[in-house]
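Student:
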Amino acid sequence: MYILNLGIAAALYYFIVFSFSISIHESAHALAAYYLGDSTGKDLGRITINPMKHLDPVGTILLFMAGFGWAKPVPFNPSNFKNRKTGTALVSLAGPLSNFILAIIFAFTFLFFVLKFDVSPDFNSTDPLVIITNFGLIGLNLNIVLTVFNLLPFPPLDGSKILAFFLPQHYYFKFIQNQYATFIVFIILIMTGVLNTILTLAYEHVSNFIFFILEPLKNLIA
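Mapping of the sequence shown onto our numbering: residues 4 to 225, in sequence order.
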């Protein structure tokens, strides 16, 4: 999906939501690391919703060109965790989990305004109710993408560190040693469009699940 093809107004919505969402994502990493005993991210000021602390130029540009992107990773020192492997997995999981929670919140916001006020998304509208609905829709879409994208098991994405947690010790070290090779595979998947197909399928499943768990609330809203 080329976001710029949707128009300047839609692109602005996406940029605002992306900036907020990746700030929450990276802050979640830093906060999880801090509670597990490592203050590296906190000391660098990464527990903040200020997007200037988190935005990555390449990841932001790719958002508009390919429909997904990333932020500057939060550094942490696994040596400060009681259990290096478990701590790394939990810190890595914190980011995608925060985006999944945001997706649910944005989905509820979208449903609430659509059902309660009978409004529809319109990126060129100046109606406050429609503007909030727009943010709900884009926040839902973008945070699902951020969730599934970051859970892919390719370095440097969070999914690679989460996968490593489930690997036996021998395979874990093999996996760590061959991160460059798996990164090359990741780039090939992007260039061939295979990654986009994977993300689309994953998006549909996660989206259906979110609306399934929100289904009981629809009667209360309407």
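Each residue gets a CB set at the ideal place from its N, CA and C atoms; glycine is no exception.
On the three-state DSSP scale, how would you describe L66?
Tutor: Start at 1 with the first residue of the sequence shown, and residue 66 comes out as number 63. Three-state result, L66: helix.
Student: Taking three-plus beta-carbon pairs below 8 Å as touching, is the region 7-24 in contact with the region 35-51?
Tutor: no
Student: Beta-carbon within less than 7 Å of I114's beta-carbon, same chain only, minus the 5 sequence neighbours each way: which residues are those?
Tutor: Translated into the one-based positions of the sequence shown, residue 114 becomes position 111. Looking at the sequence shown, residue 114 is not Ile but Leu. Here the set comprises L217, K221, I224.
Student: Does the region 144-152 come close enough to the region 111-125 that 3 or more CB-CB pairs lie under 8 Å?
Tutor: no
Student: Report all residues from its chain with a CB closer than 6 Å to the CB of L96; omit the five preceding and five following residues, and keep chain order.
Tutor: Residue mapping note: residue 96 aligns to position 93 of the sequence shown, counting from 1. Taken in chain order, the residues that qualify are I165.
Student: For P263 and K88, I'd like the C-alpha separation in whole angstroms.
Tutor: Outside the modelled stretch of the chain, which goes from 4 to 225, sits residue 263, for which no answer is possible.
Student: Would you decide whether D161 is buried or exposed? Buried here means 16 or more other CB atoms lie within 10 Å of its CB.
Tutor: Sequence index remark: in the sequence shown, residue 161 carries index 158 (1-based). Answer is buried; the Cβ neighbour count reaches 16.
Student: Over what stretch of residues does the alpha helix (DSSP H) that includes A74 continue unbroken?
Tutor: Looking up residue 74 in the sequence shown gives position 71. Per DSSP, A74 belongs to no alpha helix (DSSP H) and is neither H nor E.
Student: How about H28 and N137: are their beta carbons less than 7 Å apart?
Tutor: Position 25 of the sequence shown holds residue 28. Position 134 of the sequence shown holds residue 137. No, the Cβ-Cβ distance between H28 and N137 is not below 7 Å.
Student: From P81 to T91, what distance separates their C-alpha atoms?
Tutor: Counting from one through the sequence shown, the residue named residue 81 turns up at place 78. Counting from one through the sequence shown, the residue named residue 91 turns up at place 88. Spanning the two alpha carbons is a distance of roughly 6 Å.
Student: Taking just the CA atoms, how far does P159 sit from T185?
Tutor: Here residue 185 refers to the residue found at position 182 when the sequence shown is read from its first residue. Here residue 159 refers to the residue found at position 156 when the sequence shown is read from its first residue. So the alpha carbons of these two residues sit roughly 10 Å apart.
Student: If distances are taken between C-alpha atoms only, which option among A12, K56, I134, T51 comes closest to A31?
Tutor: Taking the sequence shown and counting its residues from 1, one reaches residue 31 at position 28. Ranking A12, K56, I134, T51 by Cα distance to A31 puts T51 first.
Student: Does the Cβ of N53 have 16 or more other Cβ atoms within 10 Å, making it buried, or fewer, making it exposed?
Tutor: Here the question's residue 53 lines up with position 50 in the sequence shown. Result: exposed.
Student: From which residue to which residue does the alpha helix (DSSP H) around K88 run?
Tutor: Locating residue 88 in the sequence shown gives position 85, counting from the first residue. Unbroken alpha helix (DSSP H) run through K88: 87-120.
Student: Leaving out the 5 sequence neighbours to the left and right, which residues in its chain are closer than 8 Å to V209 when beta-carbon positions are compared?
Tutor: Counting from 1 along the sequence shown, the entry for residue 209 is found at position 206. Around V209: F103, A106, I147, T150, V151.
Student: With the cut-off set at 7 Å, would you say G139 and F109 are in Cβ contact?
Tutor: Numbered from its first residue, the sequence shown carries residue 139 at position 136. Numbered from its first residue, the sequence shown carries residue 109 at position 106. In contact: G139 and F109 (Cβ atoms closer than 7 Å).
Student: What residues in its chain sit with their C-beta under 6 Å from that of I11, if we drop five residues either side in the sequence?
Tutor: For the purposes of this step, residue 11 is taken as the residue at position 8 of the sequence shown. Cβ within range, chain order: n/a, list empty.
Student: Our contact map puts N153 next to G98 with C-beta atoms below 8 Å; I'd like the distance itself, whole angstroms only.
Tutor: Taking the first residue of the sequence shown as 1, we reach residue 153 at position 150. Taking the first residue of the sequence shown as 1, we reach residue 98 at position 95. Sure, about 6 Å apart at Cβ, within 8 Å.
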